[in-house]
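Residues in the sequence shown are numbered consecutively from 2, following this note's numbering.
Yeah, the Cβ is synthetic: ideal placement off N, Cα and C, and Gly gets one too.
Bear in mind that the values here come from a model prediction, so they are computed numbers and not experimental data.
Working notes, beginning with the structure itself.
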Amino acid sequence: MISIIIPIYNVEDYLNKCIDSIIYQTYSDWELILVDDGSFDSSPAICDSYATCDSRIKVIHKINEGVSKARNIGIEIAQGEYIVFCDADDYVDPNYLKQFLKNNKNADLVITGYYFDTNNIVYSYKIYQEAYCKNLEEIKKHFFLQNLKSNGYPWGKFYKHEIIKSNHLRFNEHLQINEDHLFVFQYLLCCKTIYITPSKDYHYTVFRGNNIKLSSKRNPFHMHKLASECFKKEINRMQTFWKLTSIEYNSLINEFVYSKRLLGLNSLCIQKDVTSFKEEIFYWKTRKYHPKNSFHKIILFIICTDILSTNIKFAFLRYIYALKEYNKKKKYIQYIYKSVNNCSTQIIK
Numbered sequence: 002m003i004s005i006i007i008p009i010y011n012v013e014d015y016l017n018k019c020i021d022s023i024i025y026q027t028y029s030d031w032e033l034i035l036v037d038d039g040s041f042d043s044s045p046a047i048c049d050s051y052a053t054c055d056s057r058i059k060v061i062h063k064i065n066e067g068v069s070k071a072r073n074i075g076i077e078i079a080q081g082e083y084i085v086f087c088d089a090d091d092y093v094d095p096n097y098l099k100q101f102l103k104n105n106k107n108a109d110l111v112i113t114g115y116y117f118d119t120n121n122i123v124y125s126y127k128i129y130q131e132a133y134c135k136n137l138e139e140i141k142k143h144f145f146l147q148n149l150k151s152n153g154y155p156w157g158k159f160y161k162h163e164i165i166k167s168n169h170l171r172f173n174e175h176l177q178i179n180e181d182h183l184f185v186f187q188y189l190l191c192c193k194t195i196y197i198t199p200s201k202d203y204h205y206t207v208f209r210g211n212n213i214k215l216s217s218k219r220n221p222f223h224m225h226k227l228a229s230e231c232f233k234k235e236i237n238r239m240q241t242f243w244k245l246t247s248i249e250y251n252s253l254i255n256e257f258v259y260s261k262r263l264l265g266l267n268s269l270c271i272q273k274d275v276t277s278f279k280e281e282i283f284y285w286k287t288r289k290y291h292p293k294n295s296f297h298k299i300i301l302f303i304i305c306t307d308i309l310s311t312n313i314k315f316a317f318l319r320y321i322y323a324l325k326e327y328n329k330k331k332k333y334i335q336y337i338y339k340s341v342n343n344c345s346t347q348i349i350k
């Protein structure tokens, strides 16, 4: 049996299509676990109406505690040999489960391709070259860095329930960002075989409406900092498990630790948190981080230079972050980055 876990929060516009795509699977030995995370639209009623018509559907209603808690509850009650995660505003093709059973090669993890959907129109897709990784060296070679980034989402994958259970794997409920990538990291470290299938039966909805959210007063900087610390812990495990070279290790640290920590600095600037900001200045001055990303180079230059006062640094960083957000799809911002980057690169060296 396959257990499909769907966390739900205010997705009434998408939910019927998502659940229908499971009900109409050509393979029938499944259970669907719908975890309503305190929705205040019609999502709870939609879930209950499906459950009354199909005994394979289980519904859990709970207060809003975030997507990680919702997924973990699903894991706790799952009975299937395999576990699949699906977002409530996505859907799958009728042969999604059948194709997996036909081609899974009994791998510890099976990864499928997916479509990008918007307004019920498929405008793009991601398809992977077929690969069967039969040992740790092949897994490391295939997933190192770039594939770790692109395969960081929990959906579009089939997990062995026994591996999750025996290794006590759960989504980190303290994180509100990157908790899904962290779970995939942790699961990868438990895998001995992985199969990447060229099929693309999962539909990822772009420009989606409400995802599961948890209201929080936590500082975004501290959330990014916590995420970076969690990733560093797993990368240290990965270094031992995969026998990473120093170059490979540093590449992962740069991508999943340093880059994530930089993302939260904007909140320190907005709040003018001088104490935390000075701690960050010390942190970055004692790190050997040479980012390839021009935006990150600019941020580091502003943080670490001794020619600017703290207030000027706050002002510069707020401006740069706002400019990036406002112009993230405009080409001319690259010219600004390039100009400042040329200056900052010389000083950092």
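Under DSSP, the beta-bridge partners assigned to Ile6 are Ile34, Phe86.
Secondary structure of His175 (DSSP, three-state): coil.
Distance from the CA of Glu32 to the CA of Ile254, rounded to the nearest whole angstrom, comes to 39 Å. Rounded to whole angstroms, the gap between the alpha carbons of Phe296 and Asn312 is 20 Å. About 18 Å separates the Cβ atoms of Thr198 and Asp91, ruling out a contact at the 8 Å cut-off. In this structure, Ser69 sits away from Asn152, with a CB-CB distance that is not shorter than 8 Å. Listed in chain order, the non-local C-beta contacts of Tyr51 below 7 Å within the same chain comprise Ile20, Ile58, local neighbours out to five positions each way being set aside. Secondary structure within the stretch 86-121: the beta strand (DSSP E) runs of 3 or more consecutive residues, fully enclosed, are 110-119 (chain order). By the CB criterion at 8 Å, Ser44 and Glu13 fall inside the cutoff. Within the same chain, and ignoring the five residues on either side of Tyr28 in sequence, the residues whose Cβ sits closer than 7 Å to its Cβ are Leu98, Lys99, Leu102. The Cβ neighbour count for Phe283, taken over all protein chains shown within 10 Å, is under 16; the residue is labelled exposed. Val207: not part of any beta strand (DSSP E); DSSP gives it neither H nor E. In terms of Cβ geometry, Ile84 and Tyr160 form a close pair [threshold 8 Å]. Apart from sequence neighbours up to five positions away, the residues of its chain that approach Phe278 with a beta-carbon distance below 7 Å are Leu269, Thr311, ordered along the chain. Between the alpha carbons of Ile61 and His175 lies a distance of about 21 Å.
The closest CA to that of Phe317, considering only Tyr203, Ile47, Lys273, is found on Lys273. About 14 Å separates the Cβ atoms of Tyr129 and Ile140, ruling out a contact at the 8 Å cut-off. When DSSP assignments are scanned along the stretch 220-285, the uninterrupted stretches of alpha helix (DSSP H) that are 4 or more residues long and fall wholly within it turn out to be 221-243, 247-254, 260-264, 266-272.
Per DSSP, the unbroken beta strand (DSSP E) holding Lys158 starts and ends at 158-161.
Nearest Cα to Ser4 within the set Ile74, Cys305, Cys231: Ile74.
In the DSSP annotation of this structure, Val12 is not part of any beta strand (DSSP E), being labelled neither H nor E. As the crow flies, the alpha-carbon of Tyr320 is around 29 Å from that of Phe232.
With respect to the C-alpha of Phe117, the residue from Lys127, Asp109, Ala108 having the closest C-alpha is Lys127.
Going by DSSP, Tyr28 is part of no alpha helix (DSSP H) at all; its letter is neither H nor E. Residue environment for Ile64: exposed (fewer than 16 other C-beta atoms within 10 angstroms of its C-beta). By the C-beta density criterion, Gln80 is exposed, having fewer than 16 other C-beta atoms within 10 angstroms. Tyr133: member of the beta strand (DSSP E) spanning 132-134, first to last residue. Taking the C-beta atoms as reference points, Cys48 is found no nearer than 8 Å to Ile76.
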